[in-house]
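S.K.: Its first residue numbered 16, the sequence shown is counted upward by one per residue in the working numbering. Backbone N, C-alpha and C define an ideal beta-carbon position, used for all residues, glycine too.
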Amino acid sequence: MELLIFLIAIVMIGGLIVMPALRRRRGGREAMQGAMRASDPREYGFVPRERLDVRLPGPDRQLIDALEEVQARQDWQPAARLLALTDATSELRWQRVQTLAGAAAFELAQAPGQGGMWLRTWRVAAPRTRARRRCRRSSWSARRCSTRPRSTSG
Numbered sequence: 016m017e018l019l020i021f022l023i024a025i026v027m028i029g030g031l032i033v034m035p036a037l038r039r040r041r042g043g044r045e046a047m048q049g050a051m052r053a054s055d056p057r058e059y060g061f062v063p064r065e066r067l068d069v070r071l072p073g074p075d076r077q078l079i080d081a082l083e084e085v086q087a088r089q090d091w092q093p094a095a096r097l098l099a100l101t102d103a104t105s106e107l108r109w110q111r112v113q114t115l116a117g118a119a120a121f122e123l124a125q126a127p128g129q130g131g132m133w134l135r136t137w138r139v140a141a142p143r144t145r146a147r148r149r150c151r152r153s154s155w156s157a158r159r160c161s162t163r164p165r166s167t168s169g
């Protein structure tokens, strides 16, 4: 009889202490595997972190279309139309001006003398427009920042 009580006690101790510990251990391993799967954005159809553009809150289809047209034809009018349709006090306008200026500075850096010709043509064709002046100033600022020598003192 004492042996039976001893066996029941061993089974109860195993059921109350050992089994939950084994379950926690197995659950921890499964959670790690789930976390590894959850950390891959491609599993959920998201764009990888390297391809994200954190400068803009989301894709601006009108800006992308205007920029592609400007770069393909080297014509400033799509950019002018886009900025004319954008509210002058909005954050979106600032983002668009910065993007257009950055594109002009990038083109000029890629092809000195020929790049960003659309912005120079815009300056000659419509010298008094505020949008053109802001875009040009921003492009000069972007160029100055990209060509500024970096100090190595430390």
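Would the stretch 109-125 and the stretch 78-91 be scored as touching if the rule is three or more Cβ pairs under 8 Å?
M.R.: Because the criterion of three Cβ pairs below 8 Å is met, the stretch 109-125 and the stretch 78-91 touch.
S.K.: Would you tell me roughly how many angstroms separate the C-alpha atoms of Thr101 and Arg108, rounded to the nearest one?
M.R.: Within the sequence shown, numbered from 1, the residue matching residue 101 stands at position 86. Within the sequence shown, numbered from 1, the residue matching residue 108 stands at position 93. If you take the alpha carbons of Thr101 and Arg108, they lie about 6 Å apart.
S.K.: Around the C-beta of Leu123, are 16 or more other C-beta atoms found within 10 angstroms, so that it is buried, or is it exposed?
M.R.: Sequence index remark: in the sequence shown, residue 123 carries index 108 (1-based). Classification of Leu123: buried, given that the 10 Å Cβ count is 16 or more.
S.K.: Where does Trp91 fall in DSSP's three states?
M.R.: By 1-based counting over the sequence shown, the position of residue 91 is 76. Three-state DSSP puts Trp91 in coil, outside helix and strand.
S.K.: Confirm, please, whether the CB-CB distance from Met132 to Gln11 is below 9 Å.
M.R.: It is not possible to answer for residue 11, since the shown part of the chain is limited to 16 through 169.
S.K.: Using CA coordinates, which residue listed in Leu98, Ser105, Arg66 and Gly42 is at the minimum distance from Asp80?
M.R.: Against the sequence shown, residue 80 aligns to sequence position 65. Cα-wise, what sits closest to Asp80 is Leu98.
S.K.: May I ask you to report which of helix, strand or coil DSSP gives Val112?
M.R.: Numbered from its first residue, the sequence shown carries residue 112 at position 97. When secondary structure is reduced to three states using DSSP, Val112 falls in the helix class.
S.K.: Leu78 to Gln110, Cα distance in whole Å?
M.R.: The count along the sequence shown starts at 1 and reaches residue 78 at position 63. The count along the sequence shown starts at 1 and reaches residue 110 at position 95. Taking the straight line joining both Cα atoms gives about 10 Å.
S.K.: Is the CB-CB distance between Trp137 and Ala103 below 9 Å?
M.R.: Here the question's residue 137 lines up with position 122 in the sequence shown. Here the question's residue 103 lines up with position 88 in the sequence shown. No, these two residues do not count as a Cβ contact at 9 Å.
S.K.: Where Leu31 and Gly42 are concerned, what is the direct C-alpha to C-alpha distance, given to the nearest angstrom?
M.R.: By 1-based counting over the sequence shown, the position of residue 31 is 16. By 1-based counting over the sequence shown, the position of residue 42 is 27. Taking the straight line from one Cα to the other gives about 17 Å.
S.K.: Roughly how many angstroms lie between the CA atoms of Ile20 and Phe61, to the nearest whole one?
M.R.: Within the sequence shown, the letter at position 5 stands for residue 20. Within the sequence shown, the letter at position 46 stands for residue 61. Whole-angstrom Cα-Cα distance: 59 Å.
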